[in-house]
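Heads up: the structure comes next, in structure tokens.
Residue numbers (this note's numbering): 10 to 669.
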């Protein structure tokens, strides 16, 4: 078994040699050496090549590629190839195909055309995994196992009869009898009371609003079902290939929320994720930073793997812009800044056919004689120099709470405002902190919050009693806790907490809300300082200091923002989404109260993150503005490989300063 590269930030990506003639393979190896590639992920979509007919395996081509990579000193993250079935499997067993909410079968011809609950699919997937583990466990190129690929990207939720039966089994394990289910789902409403388990179905297309808790539990079921599938493959690998670490690639993108990664993360030997820049977002670079901090939170603060991102354009947006010169380097180092010790791409060589032929790659269609490949080679050089910071961790005194299940519940049917999307407030807070040079961990409410000076609780609509108590304990221990509107509203069954909003946090905050006043699209409300959008509330302060009030409209004179001393800390409440300047000023007050300082004094648009270990610290700086910027920092810049006393960043430039 080959050790994962330990003297550098590992660099590479998906390699799909089955798409190319053998004559190309040796050229690939030479170009990988030129680019300083140190690992590849191999065989992700190769099932139809590995098993061309049931039980008939062809490993000859994979043996050859594994040997070539070993000779070149390149580590292999070997995939189990179970992400997509070969055509013979779905033709022989059409019952494995997923079904959409309207009862339509999703046919082969793309990828992930399989039902997450299918025992037939699982049987064949585990057989292939077993064969791979037995054949390659001793291969000297093998460094890691890669299970499936981007779980749930295309085949969840599935609403077939197999899933219906599996859902009922899942519910029986979760609830102590049918009446407990009826109580949790609130089936007294609209005559939905179940009298037999067989009456329970997936939340398929219905006449109007579906039962919210029914939908919430189906989301939980889907995540748990795929996690169980992952565990089954991992168990095979652990038994047949002991000692080799196992992972699967998450998708911590802006709005991917089909899996509860907080439950998945502890099952990974190393947390890995895929991230792609979404150009339709208002702040794509800020979203990239949020994704990195979320992935680090999933990894409990430890280094993580960036399994996939893109050198330039993707292929799946309405318009797919190319990255600017230098952005390949800058985006990669932005992930390293936030904890990645591995930088991977999709894919090594740009495909000449298929649905992703216009998705960029390390080797573009233009070939190695191209500006993009030259930037890839420069990135390889820089990542070698960054090897000294491998294993270091990111400094953060602020926590932003993030809970996939709260997001599922907040996105349920018939809510006060469909304009309120769960990620919106968390992303806004994170972006404003980033503009201040302040780094935040994005963590689950079950994390140890007492380690943070500031804890932000953005739109945590659903919260358990246990998590609410942990948030209060953080304030008691000295944290400044900022809670925003639409938090603490429901319990884990999506039952509203009665007695006034914000339910679980009412006593902690010293406020009571009798009624929501959500704002119409484009509507704003005037505050004592600035304005608010999206939301407002009829708020009463009972034991809390009023910091700002609504200055116009039906809530004129009512409190908008409050603060209450709690133990050694304080609890702040914000009942609207302020304009950026107003929100930034409030965050400044909270940070000052918590004694939080930035990684470096920067202007908005310049990113600053510090990684630290027992033998040093490294300051990452990136200029996202269109003007040169200067930052006070001294040491050795590992990007330019020269000493610096003060850093001048040209537009789009990045620096990694070894301090001291």
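From the three backbone atoms N, C-alpha and C, an ideal C-beta is built for every residue, glycine too.
As the structure is a computational prediction, the values presented were derived from the model and not from experiment.
To the nearest angstrom, report how far apart residue 610 and residue 628 are at their CA atoms.
12 Å
Tell me which same chain residues have a C-beta within less than 6 Å of the C-beta of residue 677, skipping the five on either side of it?
With the chain running from 10 to 669 in the structure shown, residue 677 is simply not present.
Tell me which residue opens and which closes the alpha helix (DSSP H) that residue 123 is part of.
Residue 123 -> no alpha helix (DSSP H), and no H or E assigned at all.
Quick one: Cα of residue 164 to Cα of residue 416, how far?
Approximately 20 Å, taken between the alpha carbons.
What residue does the beta strand (DSSP E) around residue 450 start on, and which one ends it?
449-452
What did DSSP end up calling residue 480 once you bin it into helix, strand or coil?
helix
Using only alpha-carbon positions, find the residue among 77, 355, 391 that is nearest to residue 651.
391
Pairwise C-alpha distance: residue 638 and residue 184
In a straight line, the C-alpha of residue 184 is about 58 Å away from that of residue 638.
Can you give the Cα-Cα distance for residue 234 and residue 69, rounded to whole angstroms?
34 Å
Measure the CB-CB distance between residue 524 and residue 503 and report whether it falls below 8 Å.
no
Rounded to the nearest angstrom, what separates residue 315 and residue 192 at their Cα positions?
Answer to the nearest angstrom: the Cα atoms are 43 Å apart.
Go ahead and label residue 201 buried or exposed: buried means 16 or more other beta carbons lie within 10 angstroms of its beta carbon, across all protein chains shown.
exposed
Could you tell me which residues DSSP puts in a beta bridge with residue 658?
638
Proximity to residue 161 [Cα-Cα], best of 198, 217, 239, 552:
239
Classify residue 41 as buried or exposed, calling it buried when 16 or more other Cβ atoms lie within 10 Å of its own Cβ.
The residue in question, residue 41, is buried, as its Cβ has 16 or more Cβ neighbours within 10 Å.
Looking only at C-alpha atoms, which of 59, 300, 83 sits nearest to residue 313?
300
Strand pairing of residue 542, partner residues [DSSP]
533, 586
Could you work out which residue in 657, 356, 248, 465 is closest to residue 640 when comparing CA atoms only?
657
Spatial neighbours of residue 322 within its chain, please: CB distance less than 8 Å, with the 5 preceding and 5 following residues excluded, ordered by chain position.
Its chain contains 329, 330, 331, 332, 367, 368, 369 as the residues whose beta carbon lies nearer than 8 Å to that of residue 322, once the 5 sequence neighbours on both sides are disregarded; these appear in chain order.
Boundaries of the alpha helix (DSSP H) in which residue 234 is found, first to last residue
221-249
Note down the Cα distance separating residue 356 from residue 23, rounded to an integer number of angstroms.
5 Å
State whether the region 337-348 contacts the region 106-120, with contact taken as three or more CB pairs (one from each stretch) at a distance under 8 Å.
no
Where the beta strand (DSSP E) containing residue 258 begins and where it ends
Note, residue 258: beta strand (DSSP E), 258-260.
Beta-carbon separation of residue 489 and residue 448 under 8 Å?
Judged by beta-carbon spacing, residue 448 lies beyond the 8 Å limit of residue 489, meaning their Cβ atoms are not closer than that value.
Within 10 Å of its beta-carbon, does residue 442 have 16 or more other beta-carbons around it, so buried, or fewer, so exposed?
buried
Taking the alpha helix (DSSP H) that residue 346 falls in, what are its first and last residues?
336-346
Residues that DSSP places opposite residue 489 in a beta bridge:
463, 579
On the DSSP bridge assignment, give the partners of residue 373 in chain order.
Looking at the DSSP assignment, residue 373 forms no beta bridge with any residue, so it has no partner.
Taking only the alpha-carbon atoms, compute the straight-line gap between residue 511 and residue 554 and give it to the nearest angstrom.
17 Å
Is the separation between the beta-carbon of residue 581 and that of residue 572 shorter than 8 Å?
yes
Alpha-carbon to alpha-carbon, residue 261 and residue 13
23 Å
Apart from the five residues just before and just after residue 242, which ones in its own chain have a Cβ nearer than 8 Å to its Cβ?
89, 91, 134, 135, 138, 156, 157
How big is the Cα-Cα spacing for residue 189 and residue 206?
12 Å
Cβ pair count under 8 Å reaching 3, the region 369-388 against the region 281-290:
no
Residues that DSSP places opposite residue 646 in a beta bridge:
651, 666
Let me check understanding here. Comparing Cα to Cα, which of 125, 319, 149 lies closest to residue 230?
125
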